[in-house]
Every structure is written in C-alpha cells, then in structure tokens.
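These notes concern the structure reproduced below.
Residue numbers (the working numbering): 5 to 311.
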C-alpha cells in the first residue's frame, strides 16, 4: 500500500485558518458606535431644547411674523433691534439691579445660616434634634400656595412693628422669607455627614473650637455642596415670580420676572419684545450654570450616602 499524504491541521504562525475565518464573522455581535442610551437621550434633549430655540427665534421676528399661523421656523430678516427696543421699553436696568440685590442677599444668607444649621444637625447632639429635624423636613411637603398668606401677614407685621419700611412693596420683603431654606439645611447636613469625623476630632484635640472646625476644615471640604446650593439658590431667587407678584406693587421695586408684564397688554402681547427680554434675563442664569455645573454631579453623588 502506498502512503497517502495526510493534510496537516497546523497552520503556519501568522496565517489564519480559512475555515475559522468564515465562522468568526457570523459569530460577531453587531455593536453600535455609541451607547444605546443615546437613542433615548438625544430625542429627549431635543424636546427640552425646542422651547429655548423657539424663544430665540421669536425674539428675532417682527410682530407680523410672530403672530403668523402656521409660524415660520426661521425669520426672513432677523431683527436684532428687538433687544435694544425691549431694554428701552421698560426700566430693565433697574429691574436687573433689584433682582441682583435680592439674589446676592439671599445667597449670602442661605450659605451662612444653612451651613450653621446643617452642621449642628450633623454633628452636635442636643435634646430634640431628631424631632426638630423631622419637623423641618415636613415643611418641604407643604406647597408655597398654602403658606403664602401667613407669610404675607408676617412680612406685613415685620414692616409695621420691627423694621419700618421693610414690609409690603419693599425690596426687603423679597429677601426676608428666603433668608434660609429647609432644603438648604437638609442638603448641607447630608453632605457634612460624609466628611470624616476623625479629621474634626483631631482639630478639636488641638484646641480648635467647634466654629473653627466648621470654618477651617468642614467648609473647605464642602465646596462642591456649597457651590451646588449657591447655584440652586441663585436660580430660584432670580426666577421667582409668585412671591414678588404678591408683595410688590410699584415699578421701583419690581424684579426682572415682574418686568416682563410691560409687554403684555389687555388685548395684545408684544411677543418679539417679550422673548427678547426673556433671552436677556436668561443669560446670567446660563453663566451661573456653566460655572457651577462641574460641582453638581460630585455633590449630589456624595450627598445622602449617610443618613
């Protein structure tokens, strides 16, 4: 018998088996070049951006284009003059000054008071701490529409009996109810609980007072939480409309949201000027968000890890 050549099953190093190469492609899974979550996030983001784009487009239209139906997606000739006209149609410089004053005072007060109260609830043991904290948290469940009449009466009494002139129709009436918030105390208290207590105990052994520990150690470690609270406070105070609408009656004490009423008449609304004013009032808040956004995720991820 003659020997028949048996084909070798080994392949030369560096060469691919032809049979294996025809099987592997069929086994490969199809993979998207991006995360599947983008299929949900991109349409959702577009829906959220549409109102902002519509506001910007309307601010560049003429009154005829703004009231046209069906509306034009893009203005034929963008009218940039709407922005100077909106600024001159009302004392918007004074409105911006009032809003900035209220926002800065409320911001400073919230950072100070909420830091002290949050640290007390996080580290200091005193009688009734738990019950008082639960009562404070219960106030978060009460909508403002329920408490606005009692708050109005308190502010009026304060202006009549404690500080003359700081009652109704005064810029101080916008600051007084918002000098401290239950959410700010809760937010900072939860973050302070994540700070290692050993660092504070070492400082206490060296003779540092409780207030010194807060100022020199805890607050520098809590900059992400303080930045987040500051951004949220600025956004809330700047955009507040309901409370100023209740207590403010004169033009001299109006804030930016109330100043938008200049473009709304009994029968018509000047939509291009109103949207131009909205864009101008939105710019400071965009700046605040861009500056503080990097602290949001870090602070929210750390807050609430310990109860």
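From the three backbone atoms N, C-alpha and C, an ideal C-beta is built for every residue, glycine too.
In this text, all values refer to a predicted model and were calculated from it rather than measured experimentally.
For residue i, which residues of its own chain have a beta-carbon under 8 Å away from its beta-carbon, when the five flanking residues on both sides are left out?
| i | result |
| --- | --- |
| residue 84 | 64 |
| residue 191 | 118, 122, 229, 232, 233 and 307 |
| residue 248 | 178, 258, 259, 261 and 262 |
| residue 30 | With a pLDDT of 49 at residue 30, under the threshold of 50, the predicted position of this residue should be treated as unreliable, though the coordinate-derived value follows. None. |
| residue 184 | 113, 114, 117, 118 and 121 |
| residue 10 | Because the pLDDT at residue 10 is just 49, under 50, the model does not fix this residue reliably, and the point stays unresolved. |
| residue 77 | 61 |
| residue 67 | 274, 275 and 276 |
Whole angstroms is fine: what's the gap from residue i's alpha carbon to residue j's?
| i | j | result |
| --- | --- | --- |
| residue 235 | residue 87 | 26 Å |
| residue 275 | residue 61 | 11 Å |
| residue 125 | residue 58 | 46 Å |
| residue 6 | residue 37 | For residue 6, the predicted structure reports a pLDDT of 48, less than 50, and the residue's modelled location is therefore unreliable. The matter cannot be settled from this model. |
| residue 172 | residue 116 | 25 Å |
| residue 133 | residue 141 | 12 Å |
| residue 151 | residue 186 | 14 Å |
| residue 179 | residue 210 | 39 Å |
| residue 189 | residue 128 | 14 Å |
| residue 245 | residue 205 | 45 Å |
| residue 253 | residue 201 | 50 Å |
| residue 153 | residue 287 | 32 Å |
| residue 71 | residue 41 | 38 Å |
| residue 47 | residue 147 | 32 Å |
| residue 215 | residue 203 | 14 Å |
| residue 265 | residue 197 | 45 Å |
| residue 101 | residue 167 | 23 Å |
| residue 44 | residue 157 | 48 Å |
| residue 98 | residue 291 | 20 Å |
| residue 1 | residue 79 | Residue 1 lies beyond the residue range present for the chain, which begins at 5 and ends at 311; the question has no answer from this structure. |
| residue 52 | residue 219 | 40 Å |
| residue 69 | residue 272 | 15 Å |
| residue 282 | residue 137 | 39 Å |
| residue 49 | residue 56 | 11 Å |
Ignore the nearest five residues each way along the sequence and tell me which others in residue i's own chain have a CB closer than 6 Å to its CB.
| i | result |
| --- | --- |
| residue 182 | 110 |
| residue 82 | 64 |
| residue 226 | 195 |
| residue 95 | none |
| residue 155 | 181 |
| residue 193 | 122, 125 and 126 |
| residue 296 | 231 and 235 |
| residue 176 | 170 |
Where does the unbroken alpha helix (DSSP H) through residue i begin, and where does it stop?
| i | result |
| --- | --- |
| residue 98 | 96-127 |
| residue 212 | No alpha helix (DSSP H) contains residue 212, which DSSP labels as neither H nor E. |
| residue 135 | 133-142 |
| residue 91 | 86-93 |
What distance in whole Å lies between the Cβ atoms of residue j and residue i, which are believed to be in contact at a cut-off of 8 Å?
| i | j | result |
| --- | --- | --- |
| residue 289 | residue 239 | 6 Å |
| residue 241 | residue 107 | 4 Å |
| residue 199 | residue 217 | Rounded, the Cβ-Cβ distance is 10 Å, inconsistent with contact. |
| residue 293 | residue 278 | At roughly 22 Å, the Cβ-Cβ gap does not stay under 8 Å, so residue 293 and residue 278 are not in contact. |
| residue 54 | residue 159 | Not confirmed; about 39 Å, so no contact. |
| residue 139 | residue 280 | Going by Cβ atoms, the distance from residue 139 to residue 280 rounds to 45 Å, so no, they are not a contact pair. |
Return the chain-ordered list of same chain residues with a C-beta closer than 7 Å to the C-beta of residue i, the five sequence neighbours on each side being excluded.
| i | result |
| --- | --- |
| residue 174 | 163 and 257 |
| residue 103 | 242, 259 and 260 |
| residue 298 | none |
| residue 208 | 217 |
| residue 92 | none |
Looking at the ligand FMN, does it come within less than 8 Å of residue i, judged from the CB to the closest heavy atom?
| i | result |
| --- | --- |
| residue 246 | Only the bare structure without any ligand can be found here, which leaves the ligand FMN out of the picture. |
Can you check whether the C-beta of residue i is within less than 9 Å of a C-beta belonging to chain D?
| i | result |
| --- | --- |
| residue 190 | Absent from the structure: chain D. Only one protein chain is present. |
query: What are the uninterrupted segments assigned as alpha helix (DSSP H) that are 4 or more residues long and contained completely in the region 226-265, given in chain order?
result: Here the runs fully enclosed are 227-242, 246-251 and 260-263.
query: What are the uninterrupted segments assigned as alpha helix (DSSP H) that are 4 or more residues long and contained completely in the region 43-74, given in chain order?
result: With a minimum length of 4 residues, the continuous alpha helix (DSSP H) runs that stay inside the region 43-74 are 67-70.
task: Taking only runs that begin and end inside the region 139-212, name each unbroken alpha helix (DSSP H) of 4 or more residues, in chain order.
output: Scanning the region 139-212 for uninterrupted alpha helix (DSSP H) segments of 4 residues or longer gives 148-165, 175-179, 186-196 and 201-209, listed from N- to C-terminal end.
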